[in-house]
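A.B. asks:
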Amino acid sequence: MTNVCYRTLQFDEPWTLEAYESVGGYQVLRRIMQEKTPCDQIINELKEASLRGRGGAGFPTGVKWSFMTSASQGAKYVVCNADESEPGTCKDRDILRYNPHQLIEGMIIAGYAMGCTSGYIYIRGEFTEPFARVETALQQAKAAGLVGSNILESGFDFQLETAIGAGAYICGEETALLNSLEGKKGFPRFKPPFPANVGLYGRPTTVNNVETLASVPVILEKGAKWFLELGKPNNGGTKIFSVTGHVNKPGNYEVPLGIPFKELLELAGGVRNGNKLKAVIPGGSSMPVLPAEIIMETDMDYDSLMKAGSMLGTAAVIVMDETTCMVKALECISKFYMEESCGQCTPCREGTGWLHRVIHRIENGQGKPEDLDNLVRVAKNIEGRTICALGEAAAWPVGAFMKHFRDEFAYHIQHKKCLVG
Amino acid sequence: MIELEIDGKKVEAEPGNMIIQVADAMGVYIPRFCYHKKLSIAANCRMCLVEVEKIGKPVPACATPISQGMRVFTKSEKALAAQRAVMEFLLINHPLDCPICDQGGECELQDLALGYGDDLSRYTEGKRAVDDENLGSLIATDMTRCIHCTRCVRFGTEVAGMRELGTVWRGEHMEIKTFVGKSLTSEVSGNIIDLCPVGALTSKPYRYTARAWELQQRYTIAPHDCLGSHLNVHVRRNEVMRVVPRESEAINETWLSDRDRFSYTGLKSEDRLNQPMIKQSGHWQSVSWEVALEYMLEALKKVIAVQGPEQAAGIISPSATLEESYLFQRLLRGLGCPNIDHRLRQIDFADQDSMPLYPGLKVKIADLEQQRAVLIIGANVRQEQPLLALRLRKANLKGAQIFCINPIDYQVNFNLNQKLICHPTLLPEMLAGIIKAILVKQAIEAPTTIAEQLKSIQVTEQQQAIAEALSVNQPSTILLGAIAQQHPQAATLRSLASLLAELTGASVNLLTEGANTAGAWLAGAVPHRGAVGLTQDKLGQTIAELFAEPRKAYVLFNVEPAQDCANPKQVTKALQQADLVVALTPYNTPYLQQHADVLLPIAHHAETSGTYVNAEGEWQSFAAVVSAPEQVKPGWKVLRVLGNLADLADFNYTASTEIRDELQGMLANHSLKVAKQVQPRINLAYTKHPLTRITEWPMYRVDGLVRRALPLQQAASHDSVGIRINSKMIEQLQLAAGGLATVEQAGESVTLPVILDERIPQGCALIAGGFAETEVLAESFGAITIHV
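Just so you know, the protein sequences line up as chains A and B, in that order. For the first sequence, our numbering begins at 14 and goes up steadily by one. For the second sequence, our numbering begins at 140 and goes up steadily by one.
1) What first and last residue would you give for the alpha helix (DSSP H) that runs through Phe-401(B)?
2) What residues in its chain sit with their C-beta under 7 Å from that of Ala-585(B), if we drop five residues either side in the sequence?
3) Taking the Cβ atom as the reference point for each residue, do Ala-227(A) and Gly-199(A) lie within a distance shorter than 7 Å?
4) If you scan the region 845-903 of chain B from start to end, which runs of the alpha helix (DSSP H) of 4 or more residues do you find wholly inside it?
5) For a contact defined as C-beta to C-beta under 9 Å, what are the partners of Thr-365(A) on chain B?
6) Got a sec? Which residues, its chain only, sit under 6 Å from Arg-210(B) by beta carbon, not counting five neighbours each side?
7) Going along the chain, which residues of its own chain have a beta-carbon closer than 6 Å to the beta-carbon of Arg-846(B), five neighbours each way excluded?
8) Leaving aside the five residues before and after Ser-856(B) along the sequence, list all residues of the same chain whose C-beta is less than 6 Å from its C-beta, in chain order.
9) Could you say which of Ala-423(A), Ala-408(A), Gly-404(A) lies nearest to Asn-377(A) if we only look at CA atoms?
10) Sort Thr-616(B), Thr-289(B), Tyr-693(B), Glu-386(B) by Cα distance to Leu-932(B) and report the nearest one.
11) Give, in chain order, every unbroken run of the alpha helix (DSSP H) that is at least 4 residues long and sits entirely within the region 533-609 of chain B.
12) Classify Gly-878(B) as buried or exposed, calling it buried when 16 or more other Cβ atoms lie within 10 Å of its own Cβ.
13) What residues in its chain sit with their C-beta under 6 Å from that of Gly-749(B), if we drop five residues either side in the sequence?
14) Please classify His-417(A) as buried or exposed, where buried requires at least 16 neighbouring CB atoms within 10 angstroms.
15) Identify whether Leu-639(B) lies in helix, strand or coil by the three-state DSSP scheme.
16) Less than 7 Å between CB atoms is the rule here; does Pro-360(A) satisfy it with respect to chain B?
17) Spatial neighbours of Val-721(B) within its chain, please: C-beta separation below 6 Å, excluding the five flanking residues on both sides.
18) Quick one: what does DSSP say Gln-86(A) is sitting in, helix, strand or coil?
19) Please go through the same chain and pick out, in chain order, the residues whose beta-carbon is closer than 6 Å to the beta-carbon of His-373(A), but skip the five residues on each side of it.
20) DSSP beta-bridge partners for His-369(B)?
21) Which of helix, strand or coil does DSSP assign to Pro-113(A)?
22) Examine chain A for any beta-carbon lying closer than 7 Å to the beta-carbon of Glu-757(B), and answer yes or no.
23) Does the Cβ of Ile-239(B) have 16 or more other Cβ atoms within 10 Å, making it buried, or fewer, making it exposed?
24) Put Thr-399(A) into one of helix, strand or coil per three-state DSSP.
25) Please tell me whether Pro-208(A) and Thr-218(A) are closer than 7 Å, where the distance is taken between their beta carbons.
26) Determine the chain B residues that contact Cys-355(A) at a beta-carbon separation under 9 Å, and present them in chain order.
27) Hey, Ile-752(B) and Leu-678(B) are a contact pair by Cβ (cut 8 Å); roughly how many whole angstroms apart?
28) Are the beta-carbon atoms belonging to His-481(B) and Ala-664(B) less than 7 Å from one another?
29) Answer yes or no: does any C-beta atom of chain B fall closer than 7 Å to that of Arg-216(A)?
30) Can you pull the chain A residues whose beta carbon is under 7 Å from the beta carbon of Tyr-262(B), in chain order?
31) List, in chain order, every chain B residue whose beta-carbon is nearer than 7 Å to that of Lys-198(A).
32) Establish whether the CB of Phe-203(A) and some CB of chain B are separated by less than 7 Å.
33) Can you pull out the residues from the region 179-197 of chain B whose beta carbon lies closer than 9 Å to at least one beta carbon of chain A?
34) Give the residues of chain C in contact with His-287(B), contact being defined as C-beta atoms less than 9 Å apart.
35) Note down, in chain order, each residue of its chain lying with its Cβ closer than 7 Å to the Cβ of Pro-900(B), except the 5 sequence neighbours on either side.
36) On the DSSP letters alone, give me the boundaries of the beta strand (DSSP E) that Pro-100(A) sits inside.
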């Protein structure tokens with residue numbers, strides 16, 4: 014199996030500079046610094062590799078970076094979104110823990126390619142150990158002259174610092190993250206303007222996910238073609254899937270994009286106790302759920318999942334077996350989004366609570382027949398009308414659960430108990 | 140220009156405009172809550188979602204910039220669906236108890252719910268309840284009604300420059316709070332009542348006293364500061380129920396100071412004088428107007444005839460209307476008495492002959508925003524002219540450098556690039572230092588008048604920086620505030636400011652007292668000039684002289700002598716010995732009972748028509764918004780009748796507008812030629828007392844009306860009376876902060892609480908004027924002693 018982001022895992026202490034350098038780490042940076050590789054060339058390489066954002070939205074990274082090159086003179090920033098908070102997702106945590114240097118190298122290259130003066134790694138507040146690993150790695154990199162002023166005597170300056178969040182899911186939204194980084198309340202900003210024009214401290218800024226940035230050095234080392242061919246056209250490279258739920262071997266699996274779900278399930282040891290698969294949320298809790306019969310026929314990549322009616326998201330695969338009560342599952346999810354709504358804009362602030370309360374009632378045997386249509390309607394009313402995507406994150410699961418498992422909700426309402434016992 | 144289409148209508152607009160701005164300009168209404176043209180864009184309420192061709196999701200009209208060829212649909216099915224959805228979300232946790240909400244009937248949420256809400260709620264879950272906070276005596280809260288539009292928060296942060304409210308918690312637990320549970324201290328806090336689209340923030344004094352549909356809206360001009368803000372007064376059955384701003388981009392924009400908004404609460408004070416009264420053999424009796432006026436006129440004529448015209452004096456409030464000031468001086472001058480003054484709190488009049496036609500602003504209020512450098516001298520800007528301070532804040536946010544020379548380190552709502560805080564006697568020297576810095580830098584010889592005096596002055600780096608900034612950054616402005624004008628060396632300060640202005644190209648602007656100082660000068664309510672500045676055969680004496688050398692007769696117009704004037708002790712002494720004291724006043728106070736002989740009930744500003752000339756010279760006329768009680772008469776009418784009774788010519792006015800028109804006609808035919816000041820009156824010498832009293836009139840003590848406005852007296856922004864002094868001085872004088880101490884001034888003493896105030900310079904104590912407690916004390920910047 015080919016590892017891109019987890020390529021140091023074979024070592025006892027995979028997070029060290031030595032471990033990283035032994036797999037060729039920082040060689041790409043050295044080459045770029047020495048050759049003064051044109052920025053366009055780096056960005057084109059990423060475009061050709063078909064690297065797409067690993068944080069959830071799947072936006073082509075090369076295209077995103079190219080927005081920055083035309084931006085004005087003066088300070089520009091690259092920010093790593095390491096506020097990994099989507100329920101079910103723990104892939105970035107293991108990059109931070111086990112291969113922090115690759116992220117750092119990726120950030121320096123990103124900074125170089127986009128003409129940034131500094132970068133920040135914004136790390137989720139609860140990530141105590143990963144934070145310490147990144148911080149140590151950063152100090153090592155600085156000591157080695159890989160980060161800071163006049164990197165490797167190339168004349169290129171790039172300051173890199175870590176920042177730590179305070180435990181809000183919303184700060185994983187890139188503009189809320191920027192506000193938080195500025196010391197403000199984690200409220201998403203209205204777009205436009207986009208961060209590439211007005212970002213951190215009002216300067217052009219690009220925010221990338223940990224896995225995205227960590228993929229960059231390997232793409233530049235082995236070439237766009239190599240990376241693209243690991244996956245599928247338009248879905249290049251490997252992807253780390255955090256497989257959780259009712260499987261025998263939950264964990265992070267870095268596998269080529271486009272792997273059939275069946276194979277991924279096998280890697281994760283299959284459904285627990287030999288139970289029947291009921292449903293899978295393929296991309297973190299905010300993505301639409303897919304019933305077993307659809308997901309078993311689907312490949313795990315951006316385009317295939319979209320076609321199947323869901324999205325790859327963060328690639329957190331939540332597996333549910335036949336014993337799962339879908340009402341309870343949705344109640345859990347809806348509670349999360351109610352709690353994590355920032356409260357800034359009306360549909361999300363008010364709608365997430367409404368959704369949760371109705372689902373909670375149904376789960377507790379107090380549902381009414383009209384609740385079902387109402388849930389769909391309220392979710393639709395949130396969707397597309399909010400400042401950030403948390404509105405969709407709260408609405409999509411409801412829509413999908415109601416689409417595929419409406420009978421189970423109706424059963425709950427009618428019998429005031431669970432279909433699955 | 141960008142061409143676009145809104146609801147099928149083609150329109151052109153400047154790039155950078157948002158959809159909602161263009162729609163507003165063309166009269167297409169898009170529903171909104173969080174959007175306000177004077178605040179930053181939040182786009183959080185989502186009520187203004189509209190459909191734009193080729194954009195999948197509906198977009199907020201307030202935050203979407205227009206683009207070429209854009210086709211906007213504000214009432215399409217998609218737009219309406221989004222707007223209705225948002226309305227439903229806004230209402231689910233809103234109490235929907237409009238009948239018991241103070242905002243009912245004038246609520247933006249209620250109004251829009253009519254158009255975008257459903258008749259039945261589909262929300263059957265429990266509603267959110269939110270704890271209230273006590274924001275003080277001016278603003279009532281009902282935070283359960285809050286729809287989180289954050290207009291109040293943005294107002295504080297952006298406009299007022301005071302971050303007193305913010306959002307705490309998140310999601311549906313989000314609340315608008317003060318963080319620390321304290322009252323609001325901003326002097327413009329009341330604006331959040333207007334901004335709040337729902338009943339979450341309402342006016343505490345007005346609350347539950349009337350319904351919007353019972354009120355009539357009438358227009359007037361604010362009576363407390365030199366800006367002349369535009370007011371809408373809401374009246375029910377001849378009673379002023381509340382005051383709100385009337386939009387005036389040139390003056391108050393959409394804002395109002397708390398003083399102008401809440402001072403109406405003083406209109407209903409219990410000490411209202413409702414009947415003319417005269418005192419005979421020590422006994423007061425109510426009499427008819429005829430009796431009172433004849434009695435008064437006879438007595439006054441007698442003093443003038445027997446004792447001489449110089450033995451009479453007329454003192455009028457700087458907030459009296461133009462018409463009142465004009466008739467007041469005409470009456471007294473008609474009777475032969477030229478002793479007329481309105482400059483209640485001033486001490487130094489050495490430069491009065493070189494004053495312009497009227498003191499005020501050379502720069503338009505709105506243009507203050509465009510200044511690149513501003514030097515404030517002797518002014519507590521936020522308290523004196525709250526809305527002018529907001530303009531300075533705007534200038535500052537656009538990059539203007541602002542400096543101040545003050546005896547007290549006043550809190551301001553903008554950034555001061557440099558502040559020179561000094562003992563009040565050193566204000567002229569501080570200013571002279573800036574002048575010296577310029578003279579030295581530009582190698583200009585100092586004018587002979589000050590050359591000698593400048594020699595001993597050491598120029599500091601700060602003064603150099605200020606000099607540089609005022610010269611380089613144009614336009615630049617010098618503002619002289621109340622403290623500069625009430626200062627014992629006010630003429631020197633004004634002359635130095637003029638000199639500095641000449642050297643730097645800055646303009647000199649005076650922040651005048653009351654609502655109508657400019658009008659009082661124009662009307663001739665000064666001893667040395669007649670109306671429109673006409674030269675007088677007989678020159679009168681200044682208010683300082685009129686009280687320092689007591690006269691036999693005083694006519695007071697809307698003045699509370701011991702609380703309004705610079706040297707209350709002297710004033711009281713003068714009134715005590717006078718044969719005749721006539722007070723035209725809205726109030727019957729124990730002080731007037733004791734010292735006056737005739738009390739004539741005159742109307743409040745709200746009850747009279749008239750004109751205020753603001754500091755920028757704008758003549759603003761208004762009609763009475765309510766009628767006065769039966770026996771209370773507008774001041775101009777009383778003066779007109781007195782003129783008639785005295786057989787003075789041309790006193791037959793039938794409307795106040797005739798008086799104004801007469802003055803305007805005179806002004807058109809005459810222009811004052813102030814002789815170019817040959818010798819600036821600059822005298823840097825000063826007497827430094829071991830302990831100096833600094834006197835200022837706190838913002839809610841500046842006139843009789845505001846002093847009677849109870850909610851303002853209770854406001855957190857109000858400075859209570861006391862001995863304000865720094866900790867070093869407290870130690871030195873062996874006082875205890877919070878305890879009591881006795882102040883002695885000119886043989887009088889008063890015991891007051893000691894208030895620790897580190898803003899006060901060494902060698903000084905701030906003991907405010909305008910309080911009953913301090914009305915025995917003497918001059919504003921005089922020597923005092925303090926002991927326990």
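We put the CB at the ideal spot given by N, CA and C, even for glycine.
C.D. replies: With the given structure in hand:
1) Start at 1 with the first residue of the second sequence, and residue 401(B) comes out as number 262. Phe-401(B) -> alpha helix (DSSP H) spans 397-401.
2) By 1-based counting over the second sequence, the position of residue 585(B) is 446. Closer than 7 Å at Cβ, skipping near neighbours: Leu-578, Leu-593.
3) Here residue 227(A) refers to the residue found at position 214 when the first sequence is read from its first residue. Here residue 199(A) refers to the residue found at position 186 when the first sequence is read from its first residue. Not in contact: Ala-227(A) and Gly-199(A) (Cβ atoms no closer than 7 Å).
4) Fully enclosed alpha helix (DSSP H) runs of 4 or longer: 849-852, 866-871.
5) Taking the first residue of the first sequence as 1, we reach residue 365(A) at position 352. Result: Gly-310, Glu-311.
6) Counting from one through the second sequence, the residue named residue 210(B) turns up at place 71. So the qualifying residues of the chain are Glu-144, Glu-192.
7) The sequence position of residue 846(B) within the second sequence is 707, counting from 1. Arg-840, listed in sequence order.
8) In the second sequence, the residue the question calls residue 856(B) occupies position 717. Thr-324, Glu-326, listed in sequence order.
9) As a first step, residue 377(A) is located in the first sequence; it is residue number 364 there, counting from the start. That would be Ala-423(A), whose Cα lies nearest to the Cα of Asn-377(A).
10) Nothing can be reported for residue 932(B), as the shown portion of chain B is limited to 140 through 927.
11) For the region 533-609 of chain B, the full-length alpha helix (DSSP H) segments reaching 4 residues or more read 566-580, 587-593 along the chain.
12) For this step, residue 878(B) is matched to residue 739 along the second sequence. Counting Cβ neighbours within 10 Å, Gly-878(B) comes out exposed, since fewer than 16 surround it.
13) Here residue 749(B) refers to the residue found at position 610 when the second sequence is read from its first residue. Contacts found: Thr-460, Glu-462, Ser-795.
14) In the first sequence, residue 417(A) corresponds to position 404, counting from 1. Answer is buried; the Cβ neighbour count reaches 16.
15) The residue labelled residue 639(B) in the question sits at position 500 within the second sequence. The answer is helix: DSSP assigns Leu-639(B) an H, G or I state.
16) For the purposes of this step, residue 360(A) is taken as residue 347 along the first sequence, with counting starting at 1. Output row for Pro-360(A): interface = yes.
17) Position 582 of the second sequence, counted from the start, is the residue given in the question as residue 721(B). Correct list, in chain order: Met-435, Val-694, Val-737.
18) Counting from 1 along the first sequence, the entry for residue 86(A) is found at position 73. Note: Gln-86(A) maps to coil in three-state DSSP.
19) Working through the first sequence from its first residue, we reach residue 373(A) at position 360. Closer than 6 Å at the Cβ level, and outside the excluded window around His-373(A), lie Glu-344.
20) Numbered from its first residue, the second sequence carries residue 369(B) at position 230. Answer is Ile-360(B).
21) Here residue 113(A) corresponds to residue number 100 of the first sequence, with the count starting at 1. Helix at Pro-113(A).
22) Against the second sequence, residue 757(B) aligns to sequence position 618. Put simply, the CB of Glu-757(B) is far from chain A, with every gap to its CB atoms at 7 Å or more.
23) Against the second sequence, residue 239(B) aligns to sequence position 100. That one is exposed.
24) What you label residue 399(A) is simply residue 386 of the first sequence in a count that begins at 1. Coil.
25) Translated into the one-based positions of the first sequence, residue 208(A) becomes position 195. Translated into the one-based positions of the first sequence, residue 218(A) becomes position 205. Yes, Cβ-Cβ distance for Pro-208(A) and Thr-218(A) is below 7 Å.
26) For this step, residue 355(A) is matched to residue 342 along the first sequence. Under the 9 Å cutoff, chain B gives Arg-309, Gly-310, Met-313.
27) Your numbering for residue 752(B) matches position 613 in the second sequence. Your numbering for residue 678(B) matches position 539 in the second sequence. The sequence as given places Val at residue 752(B); Ile does not occur at that position. Not confirmed; about 23 Å, so no contact.
28) To locate residue 481(B), count along the second sequence from 1; it is residue 342. To locate residue 664(B), count along the second sequence from 1; it is residue 525. Yes; because the gap between Cβ atoms is below 7 Å, this pair is in contact.
29) Taking the first residue of the first sequence as position 1, residue 216(A) is located at position 203. Not one chain B Cβ lies under 7 Å of Arg-216(A).
30) Position 123 of the second sequence, counting from 1, holds the residue named residue 262(B). By Cβ distance, chain A contributes Trp-367.
31) Along the first sequence, one-based indexing puts residue 198(A) at 185. Those are Thr-306, listed as they occur along chain B.
32) By 1-based counting over the first sequence, the position of residue 203(A) is 190. With 7 Å as the cut-off, Phe-203(A) counts as an interface residue toward chain B.
33) Ile-180, Ala-181, Ala-182, Asn-183, Cys-184, Arg-185, Met-186, Leu-188, Gly-195, Lys-196, Pro-197
34) This model lacks chain C altogether, as its protein chains are A and B.
35) Numbered from 1 along the second sequence, position 761 holds the residue referred to as residue 900(B). Taken in chain order, the residues that qualify are Pro-546, Ile-560, Cys-561, His-562.
36) Stepping through the first sequence from its first residue, residue 100(A) is reached at position 87. Unbroken run through Pro-100(A): none, as it is neither H nor E.
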